[in-house]
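Student: Residue numbers (the numbering used here): 721 to 905.
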């Protein structure tokens, strides 16, 4: 008889629902592992010894995800559920009506960059979305909610918590806005 160690729940952070069809690959402490697939993007790891583990999750549509966790013999069921909120990656398929900002970081960028977009909804409510990216990688920001057309967006690039560049751009609701130029530090 097998013993349930943990349940991994993959969540699509953009849609805020289970990441159905994600086709994930898992590594546990650096070694490939095949958890038991369950409904609603859940995966069960069985018969793990008590201790500390590092889980890596890879999918084609989402950014890689890493999670530290521990297994205890007397853990309650609620303590055995691990939620992995997956951020959309470059191959993520956004719904057709999405308002997107796309761009690319340059090859001279050092370290991880936080790219954020500040804007107001059609009702004037302030909104902020952000993503993280490394050098020479594309980035995408999805602006949820109803937007005026055009909507003014302040795009910020931060390295180590300091704003390195700020741009004001206009986006059209339901369209993809490509950011001209490559961000370099």
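Glycine is no exception: its CB is placed at the ideal position from the N, C-alpha and C atoms.
Pull the bridge partners of residue 812 from the DSSP assignment, please.
Tutor: For the purposes of this step, residue 812 is identified with residue 92 of the chain shown, where counting begins at 1. For residue 812, which the question treats as bridged, DSSP gives no partner whatsoever.
Student: Which residues in the same chain as residue 818 place their Cβ atom closer than 6 Å to its Cβ, once the five residues preceding and following it in sequence are excluded?
Tutor: Looking up residue 818 in the chain shown gives position 98. These residues qualify, in order along the chain: 862.
Student: CA-CA distance, residue 865 and residue 744?
Tutor: Numbered from its first residue, the chain shown carries residue 865 at position 145. Numbered from its first residue, the chain shown carries residue 744 at position 24. If I take the Cα positions, the gap works out to 29 Å.
Student: Indicate whether residue 900 and residue 872 have their beta-carbon atoms separated by less than 8 Å.
Tutor: In the chain shown, counting from the first residue as 1, residue 900 sits at position 180. In the chain shown, counting from the first residue as 1, residue 872 sits at position 152. In this structure, residue 872 does not lie closer than 8 Å to residue 900 by Cβ.
Student: For residue 843, which residues of its own chain have a beta-carbon under 8 Å away from its beta-carbon, when the five flanking residues on both sides are left out?
Tutor: The sequence position of residue 843 within the chain shown is 123, counting from 1. If we look at residue 843 and ignore the five residues flanking it on each side, its Cβ neighbours are 866.
Student: Using DSSP bridges, identify the partner residues of residue 834.
Tutor: As a position in the chain shown, residue 834 is number 114, starting the count at 1. Its beta-bridge partners are 852, 878.
Student: Taking the alpha carbon of residue 849 as the point to measure from, which residue in 855, 834, 858 has its own alpha carbon closest?
Tutor: Taking the chain shown and counting its residues from 1, the one referred to as residue 849 is at position 129. It is 834.
Student: For residue 800 versus residue 858, is the C-beta distance shorter than 8 Å?
Tutor: Translated into positions along the chain shown, residue 800 becomes position 80. Translated into positions along the chain shown, residue 858 becomes position 138. No. Outside cutoff.
Student: Tell me which residue opens and which closes the beta strand (DSSP E) that residue 753 is part of.
Tutor: As a position in the chain shown, residue 753 is number 33, starting the count at 1. It spans 751-753 - the beta strand (DSSP E) in which residue 753 sits, taken as one unbroken run.
Student: Span of the beta strand (DSSP E) holding residue 733?
Tutor: Your numbering for residue 733 matches position 13 in the chain shown. No beta strand (DSSP E) holds residue 733; DSSP gives it neither H nor E.
Student: Should residue 749 and residue 773 be called a contact, given that it needs their Cβ atoms to be closer than 8 Å?
Tutor: On the chain shown, position 29 is the one that residue 749 refers to. On the chain shown, position 53 is the one that residue 773 refers to. Going by C-beta atoms, residue 749 is nearer than 8 Å to residue 773.
Student: What residues in its chain sit with their C-beta under 7 Å from that of residue 747, if we drop five residues either side in the sequence?
Tutor: Counting from one through the chain shown, the residue named residue 747 turns up at place 27. Result list for residue 747: 753, 776, in chain order.
Student: Around the C-beta of residue 896, are 16 or more other C-beta atoms found within 10 angstroms, so that it is buried, or is it exposed?
Tutor: Counting from one through the chain shown, the residue named residue 896 turns up at place 176. By the 10 Å Cβ count, residue 896 comes out exposed.
Student: May I have the straight-line CA-CA distance separating residue 840 from residue 846, to the nearest angstrom?
Tutor: Position 120 of the chain shown, counted from the start, is the residue given in the question as residue 840. Position 126 of the chain shown, counted from the start, is the residue given in the question as residue 846. So the two alpha carbons sit approximately 4 Å from each other.
Student: Here's the rule: buried if 16 or more other CB atoms are within 10 angstroms of the residue's CB, otherwise exposed. What is residue 808?
Tutor: Mapped onto the chain shown, residue 808 falls at position 88. Residue 808 should be labelled buried.
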